[in-house]
Structure formats: C-alpha cells, structure tokens
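Comments concern the structure below.
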DNA sequence: CTGATACTGAACCATCTGGTTCAGTATTGC
DNA sequence: GCAATACTGAACCAGATGGTTCAGTATCAG
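Encoded structure:
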C-alpha cells in the first residue's frame with residue numbers, strides 16, 4: 004500500500020544530523036553553492052559535498068552543476084511524506100491516550 | 004523565540020533508526036512492555052531497552068514500571084514540534100520554487 | 001597561456017551507534 | 001521458600017558516520 008518507505012528511510016536518516024538541518028534552513032532562504040553552504044560551518048568543501056549528496060539521495064535537495072559551480076536547492080513538497088507519517092502517529096497517540104481513560 | 008530546539012534535536016535523532024520508527028508504529032496500536040516490543044525484532048531485551056530509553060529522552064515515549072514490567076506508550080502531541088518544523092521548510096521550498104520562475 | 005577558483009574522489013581517522021552477552025536485582029506464582 | 005520471569009547495568013564489539021587532508025580536474029578571468 005504505502006510504498007514510500009525507502010525514501011522516508013533516507014529522509015529521516017538525512018534529517019538526523021543538525022548540520023544538514025541547518026543547511027535545509029539555509030536553502031529555505033534560496034539556492035546556494037557548496038562554498039556558500041560550507042563557509043558558515045567552517046567546514047571543508049568535501050565535507051559539505053557529502054552532506055549535500057545525502058540530502059540529494061533523500062530527495063530533499065536537488066543540485067545542478069553550472070560551470071564549475073554546483074547550485075543546491077530545496078525540493079518542493081519533499082517533506083510531505085514524512086510530515087504525513089508523523090501526523091498519523093500523532094493521531095494514534097491521541098487515540099491511545101483516550102483509551103487509557105476508559106479501560 | 005522558538006526554543007524547542009534541544010528536544011527537536013533528540014526527536015530527529017530518535018526517528019533516524021528504522022527499528023525505533025517501527026516501535027513507534029507498534030505503540031500506535033497501544034501500550035506494550037519491553038518484552039512485547041523486543042519479540043518481533045528477535046532482539047535482546049537490553050537492546051530494546053536502549054531504544055526505548057532514547058525515545059524517552061526524545062520525549063516521544065513515556066514508560067511506567069509496574070512491578071517487574073515496564074509499560075511503554077506514545078506521548079500524545081509529541082510529533083507536533085517536528086511536524087511544524089518540516090511544514091515550515093516545505094513552505095520555504097515552495098517560495099523558492101516560485102521565485103525561480105521569475106528572476 | 002596562466003593562475004586562481006570551485007569542486008571532486010580517494011584514503012584515512014576518531015567517535016558514535018546498534019547491537020550483543022553476562023551477571024546481577026526485583027517480582028511473581030506455586 | 002524457590003524457581004521462573006522481566007528487566008537492568010556494565011563491558012564489549014563491528015560497522016556506520018562525520019569529518020579531515022591531499023592530489024587531482026574543469027572552468028573562468030586577465
């Protein structure tokens with residue numbers, strides 16, 4: 004039925020790292036290059052590239068190489084899958100909570 | 004302003020592991036003991052206890068020790084924080100997307 | 001052409017993570 | 001009281017993860 008599992012898997016793994024979440028927030032303000040993303044973290048370009056690659060695999064970020072620059076941006080609607088998953092759980096939690104009152 | 008960061012941090016870390024997400028789904032159907040949770044994963048009780056402890060620290064699950072049994076259950080509304088965080092990002096992504104069309 | 005810029009790939013490293021086993025402790029049922 | 005049950009804490013381990021450096025390659029500016 005719901006078969007987005009593989010991507011959701013990658014997405015949650017990608018979101019686990021605070022640096023990557025900060026990158027996502029940064030990209031929320033508009034696209035950026037690897038250098039621009041690496042600079043505020045005082046991180047090597049290689050290091051940032053690895054994070055971006057993970058985010059790409061999780062389909063949260065797309066990139067496009069223009070000349071010698073790689074431009075990174077958020078994928079629209081990328082968070083819907085996991086957002087849905089979480090809300091479903093929240094609904095369950097509320098049901099369980101209510102059940103507890105009437106045993 | 005928004006200062007739920009520390010918890011959100013733990014929550015995302017907790018959600019990164021597929022076993023833990025499965026445990027959350029399982030708890031969505033109602034409370035369970037450590038043994039009950041460990042069994043379907045063919046995992047040691049110690050192993051499962053570690054997962055539960057993480058979920059407790061992330062404030063996604065609460066537990067209560069009754070006699071020699073530990074009962075685990077979902078925390079209602081626990082996912083609101085991260086769900087909100089994700090939706091905000093999604094809104095940003097859509098703005099960025101629209102901006103791209105009109106440079 | 002030349003040098004600087006922007007990235008990339010390979011190799012490496014320390015630390016974190018998800019799991020285990022083993023030896024307890026506390027409860028429960030007979 | 002005794003044995004089985006349910007968990008817990010400590011110690012350990014293999015592999016993943018987040019980072020680095022170094023030696024390239026490709027592009028751009030002068």
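Protein chains in written order, with our numbering: chain A, 4 to 106; chain B, 4 to 106. For each residue, glycine too, the CB sits at the ideal point set by N, CA and C.
For a contact defined as C-beta to C-beta under 8 Å, what are the partners of residue i on chain B?
i                     : result
residue 83 of chain A : 93
residue 78 of chain A : 96
Under 9 Å Cβ-Cβ, which residues of chain B neighbour residue i?
i                     : result
residue 25 of chain A : Per Cβ cutoff of 9 Å: no residues; residue 25 of chain A is ~11 Å from chain B at best.
Hey, residue i and residue j are a contact pair by Cβ (cut 8 Å); roughly how many whole angstroms apart?
i                      : j                     : result
residue 90 of chain B  : residue 82 of chain A : 7 Å
residue 100 of chain B : residue 79 of chain A : 4 Å
residue 17 of chain B  : residue 63 of chain B : 6 Å
residue 38 of chain A  : residue 48 of chain A : 6 Å
residue 58 of chain A  : residue 51 of chain A : Their Cβ separation, rounded to whole angstroms, is 10 Å, which puts residue 58 of chain A and residue 51 of chain A out of contact at 8 Å.
residue 9 of chain B   : residue 19 of chain A : The pair is not a contact, with the Cβ atoms about 15 Å apart (cut-off 8 Å).
Leaving aside the five residues before and after residue i along the sequence, list all residues of the same chain whose C-beta is less than 8 Å from its C-beta, in chain order.
i                     : result
residue 36 of chain A : 72, 73, 74, 75
residue 46 of chain A : 22
residue 95 of chain B : none
Out of the options, point me to the one whose CA is closest to residue i's CA.
i                     : options                : result
residue 31 of chain B : B:87, B:86, B:60, B:65 : B:65
residue 44 of chain B : B:23, B:62, B:33       : B:23
residue 3 of chain A  : A:26, A:69, A:88, A:87 : Not covered by the structure: residue 3 of chain A. The range shown for chain A is 4 to 106.
Residues in the same chain with beta-carbon distance under 7 Å from residue i, minus the five sequence neighbours each way, listed in chain order, please.
i                      : result
residue 104 of chain B : With a pLDDT of 49 at residue 104 of chain B, under the threshold of 50, the modelled position of that residue is not reliable, and no figure is offered here.
residue 88 of chain B  : 11
Kindly list the residues whose CB is nearer than 6 Å to the CB of residue i, restricted to its own chain and excluding five residues on each side of it in sequence; keep chain order.
i                     : result
residue 92 of chain B : none
residue 60 of chain A : 13
Below 8 Å on C-beta distance, what does residue i contact in chain A?
i                     : result
residue 19 of chain B : 15, 16, 18, 19
Report the neighbours of residue i on chain A: residues whose CB is nearer than 9 Å to its CB, in chain order.
i                     : result
residue 40 of chain B : The premise fails here: residue 40 of chain B is roughly 14 Å from chain A at the closest Cβ pair, so nothing lies under 9 Å.
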